[in-house]
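A.B. asks: Provided herewith is a single structure, encoded as structure tokens, for subsequent inquiry.
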């Protein structure tokens, strides 16, 4: 029994899975089975009994539609969640074998993939994280990151952004296995692409070579060469899509449809496979098992089985910061407040890993405790991502997957549009990633409507398991950071202002962080029989509400000022708490954004003051007046309702 037989086991398991589910993608699994077999047999460092071993190599299937190949491999390697029964539940509800891989590190799935290109950028993030850890812990082994991608991955912008940065950073621990089969869903790749892929990678600072993806000797030599390279390396594996299916191989028809019983039978005859569906000879299972367990000694001798944990008393760390903020009462932009929080956290040893998409001075994401991460300094803790917002978000996901750092990165809120697919995956994977998104409204002023976020806060709030914070002052900014760091399975957005924000003359007891419940009563006047209105706001509009309060008093109207720094968290509180905070008085909700997301709290007689058009180019104060987001507007509505 030779290695080809062992790779054919992957082919038939994958084909049988797709056939039984009557759904899936057999083309890539059949085409790349030889490459994956050689990688897992002789190169990848892993140990299935302890799949989350910190010093393992990583294998990422960026071409997530080829999941049947990954599941078949993990099954034969003995990972606990990929039994034969699970393989037979491919693409079924509540199985471990979803249509596209979903993160499960202890059983061999490093990250969730499917949207093409994301896996490549995640791999770049993991490679960065590995190099950073190794630089600070020289006794750690040199971990490799392998990623399998297809033509579709390499057409995606996020992949090209990440590939460019990986070359610039000289991530020599990164190896991309490219399924170079010249086929896309529409047909051959010459329908949509004509560049020389190897030359493109060379131009980005990579080593690149092309091999026969069905020649085990060539695959072995190429992987050895890549492991020894002093650059990131692309191995273009010339394969035949659907390899082994005699009547469908080499065509786009084999990409995303079951082969059919007749074609699978023809494949059995063509490859001399004398086993029934899902049947693997015991001798072959033993070979796979021996290969999968070959790194037992390395695991047992590892000094970093579980990485390095950080034990932090966040309450103590933030308590001293709150006291300082309250004593200073700073009148400043929340982006400036955030920078001061970051500096305090870095000084206290919080394991943050920062960066910005070429907006460091504007996002205020860098402090005196940061060093630039570069090819000459992998100890650095701050990445200059360049104008690569999408890659930044996806790379931060990868850094978070390594597990010993909390990544944060900055850009303008309006450019979250460039990052949304990766942000969605942050939420889906429950990663603790922090997005510093500044210039959060028309308050940014003269740059105009292309740079003024209008619908962005609402669209980000619509993503499940993503907390969107919009703090109203320096204290709330620190409190939002506190909650973001406490929330380990939810990514966070900090939507921060360019313009200065007022500091309230009174603050609540900081022994309890009111942001933990998403919203709270910031100020409340006594009910002495006067008309009372609830002014509900976020961010910079809290200042407007406070100014309106003073003017309303002269009209014998009392106010309740309610701050909702995180609507996502507030909506998860009990109905009793929400009603207690909002009250039953007339409500005016003020946010310099669209109304979407607030509808549940706006009754027939209540009012929303915000935006329903794009912005304009003008100084901030003129824009708020032009769009009628003013104290006068608040007063007029308060008198009317």
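Residue numbers (this note's numbering): 10 to 650.
Just so you know, even glycine gets a beta-carbon here, dropped at the ideal spot from N, CA and C.
Any contact of the segment 426-445 with the segment 325-337, i.e. 3+ C-beta pairs under 8 Å?
C.D. replies: Touching, no, given that fewer than three Cβ pairs across the two stretches are closer than 8 Å.
A.B. asks: Can residue 36 and residue 222 be called in contact, C-beta distance under 8 Å?
C.D. replies: Here residue 36 is taken as the residue at index 27 of the chain shown, counted from 1. Here residue 222 is taken as the residue at index 213 of the chain shown, counted from 1. Taking 8 Å as the Cβ cut-off, residue 36 and residue 222 do not qualify as a contacting pair.
A.B. asks: Skipping 5 residues on each side, what residues in its chain have a beta carbon closer than 8 Å to that of residue 296?
C.D. replies: Translated into positions along the chain shown, residue 296 becomes position 287. The answer, listed in chain order, is 10, 15.
A.B. asks: What are the boundary residues of the beta strand (DSSP E) that residue 189 is part of?
C.D. replies: On the chain shown, residue 189 is found 180 positions in, with the first residue counted as 1. From DSSP, the beta strand (DSSP E) with residue 189 extends over 183-189.
A.B. asks: What would DSSP say about residue 623, mapped onto helix, strand or coil?
C.D. replies: In the chain shown, the residue the question calls residue 623 occupies position 614. In this structure, residue 623 counts as coil in the three-state DSSP scheme.
A.B. asks: Alpha carbon to alpha carbon, how far is residue 357 from residue 490? Give it in angstroms, no decimals.
C.D. replies: In the chain shown, the residue the question calls residue 490 occupies position 481. In the chain shown, the residue the question calls residue 357 occupies position 348. About 14 Å.
A.B. asks: Between the segment 139-157 and the segment 90-100, can you find at least three pairs of beta-carbon atoms closer than 8 Å?
C.D. replies: No: fewer than three Cβ pairs fall under 8 Å.
A.B. asks: Taking the beta strand (DSSP E) that residue 416 falls in, what are its first and last residues?
C.D. replies: Your numbering for residue 416 matches position 407 in the chain shown. First-last of the beta strand (DSSP E) with residue 416: 415-421.
A.B. asks: So residue 167 and residue 399 are in contact, right, with Cβ under 8 Å, and what is the actual spacing, rounded?
C.D. replies: Residue 167 sits at position 158 when you count from the first residue of the chain shown. Residue 399 sits at position 390 when you count from the first residue of the chain shown. The pair is a contact, with the Cβ atoms about 4 Å apart (cut-off 8 Å).
A.B. asks: Do residue 563 and residue 544 have their C-beta atoms within less than 8 Å of each other?
C.D. replies: Position 554 of the chain shown, counted from the first residue, corresponds to residue 563. Position 535 of the chain shown, counted from the first residue, corresponds to residue 544. Their beta carbons are not under 8 Å apart, which means residue 563 does not touch residue 544 by this criterion.
A.B. asks: Please give the ranges of any beta strand (DSSP E) in the segment 469-514, keeping only runs that are unbroken, at least 3 residues long and fully inside the region.
C.D. replies: The segment 469-514 contains these whole beta strand (DSSP E) runs: 476-478, 501-505.
A.B. asks: So the alpha helix (DSSP H) residue 138 belongs to, where does it begin and stop?
C.D. replies: Working through the chain shown from its first residue, we reach residue 138 at position 129. Where residue 138 is concerned, the enclosing alpha helix (DSSP H) stretches over 127-145.
A.B. asks: Do the CB positions of residue 47 and residue 232 come within less than 8 Å of each other?
C.D. replies: On the chain shown, position 38 is the one that residue 47 refers to. On the chain shown, position 223 is the one that residue 232 refers to. Yes, they are a contact pair.
A.B. asks: I'd like the list of long-range same chain contacts for residue 27, defined as Cβ closer than 6 Å, with 5 residues on each side in sequence excluded.
C.D. replies: For the purposes of this step, residue 27 is identified with residue 18 of the chain shown, where counting begins at 1. Cβ within range, chain order: 33, 35, 77, 267.
A.B. asks: Return the Cβ separation of residue 188 and residue 158 in integer angstroms, given the expectation that the two are a contact with Cβ distance under 8 Å.
C.D. replies: Counting from 1 along the chain shown, the entry for residue 188 is found at position 179. Counting from 1 along the chain shown, the entry for residue 158 is found at position 149. Correct: roughly 7 Å between the Cβ atoms.
A.B. asks: Taking the CB atoms as reference points, tell me whether residue 287 and residue 458 lie closer together than 8 Å.
C.D. replies: By 1-based counting over the chain shown, the position of residue 287 is 278. By 1-based counting over the chain shown, the position of residue 458 is 449. Not in contact: residue 287 and residue 458 (Cβ atoms no closer than 8 Å).
A.B. asks: Could you pull out every residue in the same chain whose Cβ sits closer than 6 Å to the Cβ of residue 196, ignoring the five residues on either side in sequence?
C.D. replies: Counting from one through the chain shown, the residue named residue 196 turns up at place 187. 261, listed in sequence order.
A.B. asks: Decide yes or no for the touch test of the segment 490-506 against the segment 433-453: beta carbon pairs closer than 8 Å, at least 3 of them.
C.D. replies: The segment 490-506, when compared against the segment 433-453, does touch it at the 8 Å Cβ threshold.
A.B. asks: Which class does residue 107 belong to by DSSP, given the choice of helix, strand or coil?
C.D. replies: Position 98 of the chain shown holds residue 107. Residue 107: coil per DSSP, three-state reduction.
A.B. asks: Is residue 46 helix, strand or coil by DSSP?
C.D. replies: Against the chain shown, residue 46 aligns to sequence position 37. Note: residue 46 maps to helix in three-state DSSP.
A.B. asks: Locate the alpha helix (DSSP H) running through residue 601, then write down its first and last residues.
C.D. replies: Taking the chain shown and counting its residues from 1, the one referred to as residue 601 is at position 592. First-last for residue 601: undefined, no H or E at that position.
A.B. asks: For the pair the segment 303-323 and the segment 67-84, tell me if three or more CB-CB distances fall below 8 Å.
C.D. replies: Counting Cβ pairs under 8 Å, fewer than three are found: no touch.
A.B. asks: With DSSP run on the structure shown, which of helix, strand or coil describes residue 528?
C.D. replies: Translated into the one-based positions of the chain shown, residue 528 becomes position 519. Coil.
A.B. asks: For the beta strand (DSSP E) that contains residue 313, what are its first and last residues?
C.D. replies: Locating residue 313 in the chain shown gives position 304, where the first residue counts as 1. No beta strand (DSSP E) contains residue 313, which DSSP labels as neither H nor E.
A.B. asks: If we call anything under 8 Å between Cβ atoms a contact, is residue 644 one with residue 621?
C.D. replies: Taking the first residue of the chain shown as 1, we reach residue 644 at position 635. Taking the first residue of the chain shown as 1, we reach residue 621 at position 612. No, these two residues do not count as a Cβ contact at 8 Å.
A.B. asks: Is there contact between the segment 512-525 and the segment 585-592, where contact requires at least three CB pairs shorter than 8 Å?
C.D. replies: Cβ pair count under 8 Å is below three, so no.
A.B. asks: Compute the beta-carbon to beta-carbon distance between residue 367 and residue 412, rounded to the nearest angstrom, for a pair I have assumed lies under 8 Å.
C.D. replies: By 1-based counting over the chain shown, the position of residue 367 is 358. By 1-based counting over the chain shown, the position of residue 412 is 403. Residue 367 to residue 412, Cβ: 27 Å. No contact.
A.B. asks: Would DSSP call residue 266 helix, strand or coil?
C.D. replies: As a position in the chain shown, residue 266 is number 257, starting the count at 1. Reduced to three states, the DSSP call for residue 266 is coil.
A.B. asks: Please state the DSSP three-state secondary structure of residue 676.
C.D. replies: Lying outside 10 to 650, the shown extent of the chain, residue 676 is not represented and no answer is given.
A.B. asks: Do residue 54 and residue 304 have their beta-carbon atoms positioned less than 8 Å apart in this structure?
C.D. replies: Numbered from 1 along the chain shown, position 295 holds the residue referred to as residue 304. Numbered from 1 along the chain shown, position 45 holds the residue referred to as residue 54. Yes, the Cβ-Cβ distance between residue 304 and residue 54 is below 8 Å.
A.B. asks: Measuring alpha carbon to alpha carbon, tell me which residue in 648, 618, 647, 649 is nearest residue 634.
C.D. replies: Position 625 of the chain shown, counted from the start, is the residue given in the question as residue 634. Cα-wise, what sits closest to residue 634 is 618.
A.B. asks: I'd like to confirm the pairing. Which residues does DSSP put opposite residue 5 in its beta bridges?
C.D. replies: In the structure as shown, the chain begins at 10 and stops at 650. Residue 5 is therefore absent and cannot be evaluated.
A.B. asks: Among the candidates 245, 184, 170, 535, whose CA atom is the shortest distance from the CA of residue 207?
C.D. replies: In the chain shown, residue 207 corresponds to position 198, counting from 1. Ranking 245, 184, 170, 535 by Cα distance to residue 207 puts 245 first.
A.B. asks: On a Cα-Cα basis, can you pick out the residue from 372, 616, 137, 146 that is closest to residue 176?
C.D. replies: Translated into positions along the chain shown, residue 176 becomes position 167. If we check each option's Cα against that of residue 176, 137 comes out closest.
A.B. asks: Is residue 571 near residue 632, with beta carbons less than 8 Å apart?
C.D. replies: Mapped onto the chain shown, residue 571 falls at position 562. Mapped onto the chain shown, residue 632 falls at position 623. No, these two residues do not count as a Cβ contact at 8 Å.
A.B. asks: Report the option in 390, 565, 637, 550 whose CA atom is closest to the CA atom of residue 343.
C.D. replies: Here residue 343 refers to the residue found at position 334 when the chain shown is read from its first residue. With distances taken between Cα atoms, residue 343 lies closest to 550.
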